[in-house]
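Asks:
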Amino acid sequence: MRVIGSVVAVVLFILVIVGCQPEQQVAPTVPPPPPVAIEPQISPEQQQLLEEVQKYTEQTGTTLEGLAEEVKRREALAEAPTGVAVVDEDLGVAKALVGVARSGAANKQADKTTAALDRLGPTLTALRAEVPAAAMAQHLERALTAISSLPASEAVGAASSSLLAAIDTAMQAPASLVPKVVDRIEQAKAKVDDEQLQQAAEQIVEILADLRDDATVQLLDSASESVRGAQDARRREAWPVLMAELDQLEAILSQVQEKIGEETTVIGAEQEPPEPEEAAAAGVEEEPAAEPGAETEAETPGARTQPGGE
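Everything in the sequence shown is counted per the numbering used here, starting at 900 for the first residue and increasing by one.
What follows is the structure, given as structure tokens:
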């Protein structure tokens, strides 16, 4: 009995102890704080640019996608060839079309020959317009038209702008392809700015005559005449005449190519020969110095064997 009482007492004691312990409180789940928006830091220049872009899109109704396409288009135009490069490139197009026409004529393929000649005409027209003398002449024609057709108050500004464009065309073109008329164009512009329109018009007419006499312009005019002669021979199926016209056309284009090549030669001639150390590094052997009194082949007139000579 005493043992049972002791066991009961121990159990009661344990129950009292456990019952007196405080309940464990589960901490409530606290939601994370909302993310704080961090505004990007931009410079005042960038902010001004963004405002100008927004203003432009609102005024023109252009979307940002359209504006991006316009930027790509302008970049492509900036990478397009200009000056001698574009003349040389289009000259290559013209010579390739002559080759196609020649191939068609040699095999008496009427359709092939006709198609090549039809493409060759506009190509030469575009090529002529790219020549500096022709481009300058077009600006002068605009100035002359402004003087003769607009009121004096409007003619001054329009003619002066056209003359300035002609000067700018000359400044951007290779010197070997620009007629020596820039000083006279500047004089004509000064007269326009002083409202001496009649005197300026007379001087512009004289300059236009000189620009029409430019050698490259005349060569390309002759090339266009050869194309018309070839087209006429094709319609008559006069194949020998057609081949002769194509021969003449190819010779003319070769002359134009030589004039373009003169500019390349001038640029190359300005380069100084490398120093001995640089030449050795590049693997170029230095020519030995000539002995006193010895004449080289290049210095002695007539020393080079002519084609067909002994």
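Beta carbons: idealized from backbone N, C-alpha and C, even for Gly.
What's the gap between the Cα of D987 and the Cα of Q1102?
Replies: 32 angstroms
Asks: Around the C-beta of V1091, are 16 or more other C-beta atoms found within 10 angstroms, so that it is buried, or is it exposed?
Replies: Answer is buried; the Cβ neighbour count reaches 16.
Asks: Which value, in whole angstroms, describes the spacing of the CA atoms of A1045 and A1072?
Replies: 25 angstroms
Asks: Is I1106 helix, strand or coil when you go by DSSP?
Replies: helix
Asks: Which value, in whole angstroms, describes the spacing of the CA atoms of T956 and A967?
Replies: C-alpha of T956 to C-alpha of A967: approximately 11 angstroms in a straight line.
Asks: Looking at the unbroken alpha helix (DSSP H) that takes in A1122, where does it start and where does it end?
Replies: 1114-1134
Asks: I'd like to know whether the C-beta atoms of G998 and K1011 end up nearer to each other than 8 angstroms.
Replies: no
Asks: Is the Cβ-Cβ distance between A1129 and L1148 less than 8 angstroms?
Replies: Contact flag set, yes.
Asks: So, with DSSP's three-state summary, where would you put V986?
Replies: The three-state secondary structure of V986, taken from DSSP, is helix.
Asks: Does the distance from the CB of A1058 to the CB of V1116 come in under 8 angstroms?
Replies: no
Asks: Mind checking D1112: buried by the 16 CB within 10 Å criterion, or exposed?
Replies: exposed
Asks: What number of angstroms, rounded off, separates the C-alpha of D1120 from the C-alpha of I1106?
Replies: 19 angstroms
Asks: Could you give the residue range of the alpha helix (DSSP H) that holds S1052?
Replies: Element bounds for S1052: 1051-1071.
Asks: Going by Cα to Cα distance, which pick from E964, A1005, T959 is closest to L1145?
Replies: A1005
Asks: Sorted by chain position, which residues of the same chain lie with C-beta nearer than 8 angstroms to L883's C-beta, five sequence neighbours on each side aside?
Replies: Residue 883 is absent from the model: the chain starts at 900 and stops at 1209.
Asks: Give every residue of the same chain whose Cβ lies closer than 7 angstroms to the Cβ of R1083, excluding the five residues on either side of it in the sequence, and list them in chain order.
Replies: Q1102, I1106
Asks: According to DSSP, is Q1037 part of a helix, a strand, or is it coil?
Replies: helix
Asks: Out of L1039, M1070, T961, A1009, which has the shortest C-alpha to C-alpha gap to L1141?
Replies: Residue A1009 is the option with its Cα nearest to L1141.
Asks: To the nearest angstrom, how far is it from the Cα of L1063 to the Cα of W1138?
Replies: 48 angstroms
Asks: Are the CB atoms of S1061 and H1038 nearer to each other than 8 angstroms?
Replies: Yes, Cβ-Cβ distance for S1061 and H1038 is below 8 angstroms.
Asks: DSSP three-state label for E1094, please.
Replies: coil
Asks: Spatial neighbours of E978 within its chain, please: C-beta separation below 8 angstroms, excluding the five flanking residues on both sides.
Replies: Unreliable positioning characterises E978 in this predicted model, as indicated by a pLDDT of 48, which lies under 50. The coordinate reading is nonetheless provided below. No residues qualify anywhere along the chain.
Asks: Got a sec? Which residues, its chain only, sit under 6 angstroms from R1001 by beta carbon, not counting five neighbours each side?
Replies: L1145
Asks: Between T1024, K1007, G965, which has its C-alpha nearest S1125's C-alpha?
Replies: T1024
Asks: DSSP three-state label for K1008, please.
Replies: The question names Lys, yet the displayed sequence has Gln at residue 1008. Three-state DSSP puts Q1008 in coil, outside helix and strand.
Asks: From R1135 to T1013, what does the alpha carbon distance come to, in whole angstroms?
Replies: 12 angstroms
Asks: Am I right that A1069 and A1087 are in contact with their C-beta atoms under 8 angstroms? What's the rounded C-beta distance?
Replies: In fact, because the Cβ distance is near 13 angstroms, the residues do not count as touching under 8 angstroms.
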